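Residue numbers (the working numbering): 18 to 343.
Every residue, glycine too, gets a C-beta built ideally from N, C-alpha and C.
On a predicted model such as this, the values are computed, not experimentally measured, just so you know.
Down below is the structure, laid out as structure tokens.
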């Protein structure tokens with residue numbers, strides 16, 4: 018395995034773990050700790066270690082910067098990306114993001130935004146070129162479904178910038194079984210050799226396949242996006258599958274995307290509370306990371322409303338655990 022240290026990828030032995038203290042009189046509720054490789058959250062957050070996170074720092078692990086005038090967009094299933102009629106079919110860059118967040122973010126990860134595969138490397142280069150000192154990690158596209166042949170692409174990808182930290186292929190849009198084919202598994206396994214994580218973009222009914230993929234790739238770090246997109250009105254199937262995924266030490270859960278699974282116009286923190294608390298309990302504070310999901314979150318009240326909801330839902334957590342989330 019590898020981890021970024023001062024901009025350089027360095028090897029780290031698989032199975033390395035942090036010493037975790039779950040108790041302590043810090044006030045508020047204690048979120049259970051779970052085993053996790055010491056470098057997992059660092060890779061989600063780019064260059065910073067957990068000891069560098071202070072009260073005035075806020076890391077956003079899910080930001081979607083896009084420019085449809087620059088890159089052709091691949092259909093994403095959701096109409097808001099449609100080039101002609103989509104609500105988000107316009108340049109959405111640093112200026113818009115900083116305005117949406119009120120300048121509160123001190124570090125963020127930029128994810129690929131479904132550009133046509135022909136533009137995958139170009140999108141990563143564009144993100145790396147942005148004048149954004151707070152951009153700490155780039156999660157790019159790569160043809161992992163090509164199996165071992167993805168190696169040449171990954172060699173080019175990691176050469177773009179040391180902030181390239183992972184790969185995303187939105188499995189939510191793929192047919193059943195796509196993410197567990199031998200070729201796909203081989204491609205995802207190869208990410209570990211390059212020190213790259215894999216972003217799990219799945220809905221709740223696909224969590225079983227996510228478990229199979231993560232089990233077959235034990236050396237690869239996985240980031241579950243949007244808490245696995247639960248059905249908020251019937252979360253039982255999601256909760257059962259999420260528990261299976263949380264048992265795997267190479268998986269981190271991103272607390273993001275819940276507002277867009279709720280009633281966009283009329284949701285409250287209480288509508289999200291059960292699923293939020295369940296994910297926190299299953300993964301533990303050391304394997305959770307906040308994600309704003311901008312600009313998609315604008316369709317459901319906006320980034321600041323979501324952040325306020327997270328603040329509310331974690332108000333009884335220990336200060337130490339709240340810092341880990343941000």
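Give the straight-line distance between the Cα atoms of residue i and residue j, rounded to the nearest whole angstrom.
i, j, result
"residue 338", "residue 330", "13 Å"
"residue 196", "residue 222", "13 Å"
"residue 104", "residue 280", "17 Å"
"residue 84", "residue 340", "33 Å"
"residue 114", "residue 335", "29 Å"
"residue 232", "residue 199", "13 Å"
"residue 228", "residue 261", "7 Å"
"residue 29", "residue 277", "Here the model assigns residue 29 a pLDDT of 33, short of 50, so the residue's position is not dependable, and the following value carries that caveat. Rounded to the nearest angstrom, the two C-alpha atoms are 37 Å apart."
"residue 255", "residue 242", "14 Å"
"residue 215", "residue 182", "9 Å"
"residue 123", "residue 79", "13 Å"
"residue 172", "residue 230", "23 Å"
"residue 208", "residue 220", "23 Å"
"residue 106", "residue 310", "16 Å"
"residue 325", "residue 257", "28 Å"
"residue 129", "residue 251", "30 Å"
"residue 176", "residue 212", "12 Å"
"residue 190", "residue 328", "31 Å"
"residue 206", "residue 318", "38 Å"
"residue 267", "residue 234", "9 Å"
"residue 224", "residue 170", "27 Å"
"residue 312", "residue 180", "22 Å"
"residue 287", "residue 294", "11 Å"
"residue 194", "residue 178", "33 Å"
"residue 210", "residue 314", "34 Å"
Between residue i and residue j, how many whole angstroms is the CB-CB distance? I'm expecting something under 8 Å.
i, j, result
"residue 245", "residue 265", "Not really, about 13 Å apart at Cβ, beyond 8 Å."
"residue 174", "residue 159", "6 Å"
"residue 157", "residue 140", "7 Å"
"residue 263", "residue 299", "4 Å"
"residue 77", "residue 239", "That belief does not hold up - the Cβ atoms of residue 77 and residue 239 are roughly 19 Å apart, past 8 Å."
"residue 74", "residue 343", "7 Å"
"residue 304", "residue 269", "5 Å"
For residue i, does the count of other Cβ atoms within 10 angstroms reach 16, so buried, or fall short, so exposed?
i, result
"residue 147", "exposed"
"residue 332", "exposed"
"residue 273", "buried"
"residue 168", "exposed"
"residue 253", "exposed"
"residue 271", "buried"
"residue 108", "exposed"
"residue 285", "exposed"
"residue 127", "buried"
"residue 247", "buried"
"residue 192", "exposed"
"residue 282", "exposed"
"residue 296", "buried"
"residue 226", "buried"
"residue 137", "buried"
"residue 301", "buried"
Using the three-state DSSP reduction, which class does residue i fall into: helix, strand or coil?
i, result
"residue 69", "Residue placement at residue 69 is flagged as unreliable, the pLDDT there being 45, under the threshold of 50; a coordinate-derived value is accordingly withheld."
"residue 311", "strand"
"residue 306", "strand"
"residue 243", "helix"
"residue 153", "strand"
"residue 215", "strand"
"residue 83", "strand"
"residue 271", "strand"
"residue 281", "coil"
"residue 184", "strand"
"residue 316", "helix"
"residue 139", "helix"
"residue 128", "strand"
"residue 336", "helix"
"residue 109", "strand"
"residue 178", "coil"
"residue 251", "coil"
"residue 77", "strand"
Does the separation of the CB atoms of residue i and residue j fall below 8 Å?
i, j, result
"residue 203", "residue 165", "yes"
"residue 81", "residue 125", "no"
"residue 249", "residue 218", "no"
"residue 90", "residue 120", "no"
"residue 111", "residue 135", "no"
"residue 145", "residue 201", "no"
"residue 87", "residue 143", "yes"
"residue 292", "residue 316", "no"
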